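Undergrad: One structure, as C-alpha cells, below. Some questions next.
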C-alpha cells in the first residue's frame, strides 16, 4: 500500500511543489480554477453536478459508519426546502473510535510521502465533484451558487492543499535516516539514526453551518496527512458537503490499500451532543472547531487531552480616517457587508468614524453621510431581487434573522434591511444588510459579535480614539479582520502598530476588487491565533507542527 | 537598536547557518567545545572560572529585579556547603510583569534577525563564562565538574543555539514583504503584503534542580528570540546558573539598546509558590517547565491561558533479549546507571529480562547473572572513591537518599548501594547505584519513576512479554528514553514498532561510547511529546512555532 501512495505522490508532486513554493513566497497561486464557466469545466459539468446533488435528496447516504445505529436527516436548505438526506447516526462512540484507530499503524508506517500522495488524490477526486459540492454547500450554507463554487469548492481545495503542503514541509524537516559521526580520540563515534513521524491519535473535526468545507478541510487534511485518523462531526445543518468529503476520502484510502475508517462521518441529531462527547475522549488528541464562542471556549477549557484549534467569533473592525476615493470606499464596504449576507467570520462589523466626519475627495463626510453613501451603493447592488440574491445568498438560520430583527433597537437605523424575494426559491429567507449608528459609548453593543448582516457605524471623537477603541476591542474580544482607510501615512502607521498589538490582519485602503472578508490561500493568513477570535491560523507552522511527533531510533554502525 | 542587532546577526551568521544545516541533516555538529582542557580554553580559564564562582558566595548577586523586595539565599551545594548567595526576592508580580512587557514592542519591531543576533551574542558571552557556569552548575545540581562543564555548559549552549536555529527557520518561512498579483479579466489585482512575527506575551521558564541550564535554556531562548519577554523562575536549589544567565542576557540586551527587563530572574523562597502565581497570570502566554509530575500536571491543567511545554517523570526502559558482547552490555548499562547518580531524566530504570535468561557470547545469563555482571562493572568503575565521585557527582537532595533508602524493601537487592566518601568535600552525599530484582507482577513498583540511583531488573516470561510491558508502561506512564539489546533483527523490529507506538526514542545495542541517557543537540530529539513524560521535544517545529504568530497587512500597489 505504501507503493500506491508513492505513485500518487509522484503523480501530484508538481502541484505539491508549486503549493510549497507559493506558501513560502506568498505570491499568487491556485491549483483549482475558481471559475465555474463551461469553458473551464466543460459544457455538461454544471448540469451533472446539479443532478448529482438532486439525486441525494430523500435518500440514505451510502456510508457505513462504525458505531452507527439508524439514521438522521437534519438538513434544510436556506433556500427553503428540506434535503431529506439520511446519514448513519453515531450512537456507539467506543466502536467508532476503535475503528478509527484500527488503521492508524499502517497509515503511519506508509510514511509521509504516501500520505501526502493519498491526500492530494482525495483533493483531485473532490475537484472532480466540485459542482456537486458547490450545490451541496449552497443548499446547506445558503451561499449563492458562484460563491459556493468558489469558497466552498475551489478556494477550499486550495486551503486544503496549503495545509497538506505545510505538513509536508514539516514532516520533511528531518531525513528518514542520518549518519552521525562524532570525532573522538581514536575511532569516531558513528551512529545511524532513523526518524519517524508518528501521529498523535484520533483527530476530531467539528464543522460549521456556513463554510462546511472551507473551514473543515484544512484541519481535516492537516491531521490526516500527518498520520492521524479523522472523525468528522458535521454541523447538523451542513452534513452533505462533509459526507461527500468522507465518501471520497474513504474511496481513495481503500483504493490505496488503507483502512477506509481513517476518515469517518459522525452525523448526529443536534440533541445528541456528539461533539462534546467525542471531544473529551482520551483517544482524541487533536480538535479543529469553527463556530460560536460558547462551544469553542468550552472545548478550550475541557478538552485537556487534545490540542485544540478553534475559530470563534470576533468583532471585525474598520477605521475610517480619510480617502481620496469616497465612492470606491462606499462600494468596497457595501460589497463586504452584502457578500453572503454578512455571514462570514471575516465580514466587517464595527466601522469607527470621527463624529466630525472624514476628509474625502468629495468633501468632508459625516457618519450620516458615510452611511448614506454606503446605502446608495447597497441600493444599486441589491435593488434588483434577481441580482441581489446572487450576492446575498440566503440567511443560514433563524439566529441571523432574530439578531437582524433586534438590531434596530440597539441604535439609530442609518440603512434599513429589506426582505428580498428569491426569484427561483420562493421560501428562501433573503435579507439586505442594515447599518446601525452608535456612539463610542455604546460598547456593550459593538463589543459583541452580531453575526449576520448588521454593521455598526460608530461615531468617535477622532481617528486617535477610533484606533484606540479598535486596539482595545480586538485585544479583548478578538477579530478575524481589520481595515483602515486613510490618506495619511502616519495614520496607516498607527493602525499597523495597533493591528500588530491586537494580533489581527490589516487591509489598507481597499478600493478595488479585493475585499476585507476575502483571504487568498498560500498568501493571506486566515486568522492569526494572536487574539481571542482564534487559536489557529490557516496555515502557519503552528497549525501543523503539533499534529505529529518525530520518534527516533539509533544504532552504532 | 535594530542596527546593533543586525550587526550581531552578521557576526553570528555562519554559526547560525551551521546550526540550521545540522538540525536539518541531523549530522554531528557542535558550536561550543565540550572539552574543559587548557589546550582548548587556555591555561588560566579553569582557575578564573572557579575564582569567579567563589567570589559570588555570601554576597548579594547584582541584579535589580522589578517587583523585588529584600533577598533570599536558598542554595546549598550537594557537595556539602551553603552558597549563601542572596538574590532579589520577587514579591510584586504586577510590577515584574509590567516591567517585562514594557520592552516588548521595541523587541518585536527590531525584527527576527536582530533578535537572533542578540540571542546568539548572549550565548557567546555565556560561553566566555563557561567555567564559572560549570562551577555554578556543579554546586547546585551535584554534577561532577566535567559533566557540569559539558551538560551544563557546552551542551546546554548547543541546545540553546539549536532552539534559536529552529525559531530562526520558523520566522523566516515567509518574507517580510511579498507582491501578490492575481490575474483578472482586465488589469491583474496587485497587492503588497507585509508579514510580521509578533510575540505571544510574557514567557515563564521554570527551572529544575538537576539541569538548571540545559533544561531551561532551550525554552528561554526559543521564547526570547521569537519576541517574548522571559521571566526565569529558578529552582530554589539552583539559582546561580540562571542568575548568571539573566545577568548576561540583560547586559547584551542593554548594549544593543533593548530593555534589560526582557529577561528577569524571579527568585523566591520555596514557600512563596511564585511559579504557581506567575503561571496563571493572563500576561503569561508561554510556560516551559522541567520537574516533577505533580506541578507539571498542575500547570497543564490550570495554566489555560498559556501554551505549556513540560518535561516530567517517566519510566525509562531497557529490554534485554540477547547480545554478542555481554561484557560491553554490562559496561554500558553500569555507566548509564552511575552517571550523575542516575539523577537524569534520561537514566534507565526498568530493565526487563526473561527469567530464563538471555543468550550471550558468554552463554545464557539469568537475571541474577546479568545483575552480577553489571555489579562487577560498577565495582570496577566506582570501587575507588576518588574516581567514583567524578562519575557519580553528589546526591542533589534528600528526596533521592530517601528513595534510595526505601528501595531494598521493594524487591530483592541484587546490587547494593554504598556510601562514597568524597576526597575533597567531606560533607558531600555520594552514593553508588543499587539494582533491585523484581517480578513482572510488581507493576506498582516499576510503573512509577524512582528518580535517582535505583534500577529495577524485572524478570519476565520472555522477550515478547518484556516488549509488551515496555509498550504498556510507557504509553501509560511515559519515558524519555528506551533501549534494547538483541542480536535478532526481528526483536529489534518489534522494539522499534513498540517504541513508535509508545512514542519514545530507542537506542539499539549500545555497546560503546554512547549511552542511552545522552542526547546530542541538532541530531537527537530530547523527549518526543508523544508520551506522558513530556509535552515538548528539544527541538522540533512544534517547540518553536506556537511561540509567535504572523500578523499581516496588505495594500494595493
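Residue numbers (the numbering used here), protein chains in the order written: chain A, 260 to 816; chain B, 260 to 816.
Glycine included, C-beta positions come from ideal geometry on N, C-alpha and C.
For clarity, every value in this text was computed on a predicted model and none was experimentally measured.
1) Suppose contacts are defined by Cβ-Cβ distances below 8 Å. Is residue 278 of chain B in contact with residue 288 of chain B by that definition?
2) Could you check where the beta strand (DSSP E) with residue 430 of chain A kicks off and where it finishes?
3) Since residue 284 of chain A meets chain B, which of its residues come closer than 8 Å, beta carbon to beta carbon?
4) Whole-angstrom Cβ separation of residue 472 of chain B and residue 396 of chain B, contact assumed at under 8 Å?
5) Show which residues of chain A have a CB atom less than 8 Å away from the CB atom of residue 762 of chain B.
6) Which bits of chain A does residue 621 of chain B rub up against, with CB to CB less than 9 Å?
7) Which residues in the same chain have their Cβ closer than 7 Å to the Cβ of residue 382 of chain A, if we skip the five residues on either side of it in sequence?
8) In this structure, does DSSP put residue 494 of chain A in helix, strand or coil?
9) Using a C-beta to C-beta distance shorter than 8 Å, which residues of chain B count as neighbours of residue 788 of chain A?
10) Assuming the contact rule is C-beta atoms closer than 8 Å, residue 492 of chain A and residue 537 of chain A should be a hit. Round their C-beta distance to whole Å, please.
11) Count the other C-beta atoms from every protein chain shown that fall within 10 angstroms of the C-beta of residue 452 of chain B, then say buried if there are 16 or more, exposed otherwise.
12) From which residue to which residue does the beta strand (DSSP E) around residue 327 of chain A run?
13) Does the distance from the C-beta atom of residue 748 of chain B to that of residue 596 of chain B stay below 8 Å?
14) Give the secondary structure of residue 440 of chain B by DSSP, where H, G and I count as helix, E and B as strand, and everything else as coil.
15) Going by beta carbon distance, what residues of the same chain come within less than 6 Å of residue 805 of chain B, once the five residues before and after it are set aside?
16) If you drop the 5 nearest sequence neighbours on each side, which residues of the same chain put their C-beta closer than 6 Å to that of residue 409 of chain A?
17) Should residue 816 of chain A go down as buried or exposed, given a rule of 16 or more other Cβ atoms within 10 Å for buried?
18) Within 10 angstroms of the Cβ of residue 394 of chain A, are there 16 or more other Cβ atoms? Answer buried if so, exposed if not.
19) Can you find at least 3 beta carbon pairs, one from the region 719-736 of chain A and one from the region 752-767 of chain A, that sit closer than 8 Å?
20) Whole angstroms are fine: how far does the CA of residue 440 of chain A sit from the CA of residue 718 of chain B?
21) Could you spell out where the beta strand (DSSP E) holding residue 810 of chain B opens and where it closes?
22) Let's test the definition: count the other Cβ atoms within 10 Å of the Cβ of residue 446 of chain A and tell me whether it reaches 16, buried, or not, exposed.
23) How many Å lie between residue 483 of chain B and residue 414 of chain A at the Cα?
24) Does residue 311 of chain B have its Cβ less than 8 Å from a Cβ in chain A?
25) Give a yes or no on whether the minimum CB-CB distance between residue 377 of chain A and chain B is below 8 Å.
26) Just checking: is the beta-carbon of residue 773 of chain B within a distance shorter than 8 Å of some beta-carbon in chain A?
27) Cutting at 6 Å between CB atoms, please list the residues of its own chain near residue 742 of chain A, excluding the five before and the five after it.
28) Identify the residues that DSSP records as bridge partners of residue 347 of chain A: which are they?
29) Taking C-alpha atoms, which residue in B:297, B:460 and B:454 lies nearest to residue 790 of chain A?
30) For residue 783 of chain A, would you say it is in contact with chain B, using Cβ-to-Cβ distances shorter than 8 Å as the test?
31) Residue 765 of chain B bridges to which residues according to DSSP?
32) Where do the N-terminal and C-terminal ends of the alpha helix (DSSP H) with residue 669 of chain A fall, by residue?
33) Mind checking residue 324 of chain A: buried by the 16 CB within 10 Å criterion, or exposed?
34) For a cutoff of 8 Å on Cβ pairs, would you count residue 270 of chain A as touching chain B?
35) What's the gap between the Cα of residue 542 of chain B and the Cα of residue 359 of chain B?
36) Applying the criterion that 16 or more other CB atoms from any shown protein chain within 10 Å of the CB defines a buried residue, is residue 582 of chain A buried or exposed?
TA: In short, the structure shows the following:
1) Residue 288 of chain B is positioned such that its CB atom lies closer than 8 Å to that of residue 278 of chain B.
2) Taken as a continuous stretch (DSSP letters only), residue 430 of chain A belongs to no beta strand (DSSP E), being part of the alpha helix (DSSP H) at 414-430.
3) 434 and 437
4) With 8 Å as the limit, residue 472 of chain B and residue 396 of chain B qualify as a contact, their Cβ atoms being about 6 Å apart.
5) 457, 808 and 810
6) One finds nothing in chain A with a Cβ atom closer than 9 Å to the Cβ of residue 621 of chain B; even the nearest lies about 20 Å away.
7) 416, 419 and 420
8) Residue 494 of chain A sits in coil when the DSSP states are folded into three classes, being neither helix nor strand.
9) 805 and 808
10) 6 Å
11) buried
12) 327-331
13) no
14) strand
15) 566
16) 293
17) exposed
18) Around the beta carbon of residue 394 of chain A, 16 or more other beta carbons lie within 10 angstroms, which makes this residue buried.
19) yes
20) 36 Å
21) Counting along the chain, residue 810 of chain B sits inside the beta strand (DSSP E) bounded by residues 807-815.
22) exposed
23) Distance from the CA atom of residue 483 of chain B to the CA atom of residue 414 of chain A, rounded to whole angstroms, is 36 Å.
24) Proximity of residue 311 of chain B to chain A, defined by a Cβ-Cβ separation below 8 Å, is not satisfied.
25) No, residue 377 of chain A does not count as interfacial toward chain B.
26) yes
27) 577, 766 and 775
28) A:330
29) If you compare the alpha carbons of B:297, B:460 and B:454 with that of residue 790 of chain A, the shortest gap goes to B:460.
30) yes
31) A:812 and B:741
32) Looking at the DSSP string, residue 669 of chain A is not in any alpha helix (DSSP H), and its letter there is neither H nor E.
33) buried
34) It does not; no Cβ of chain B falls within 8 Å.
35) 10 Å
36) Within a 10 Å sphere around the beta-carbon of residue 582 of chain A sit 16 or more other beta-carbons, which makes this residue buried.
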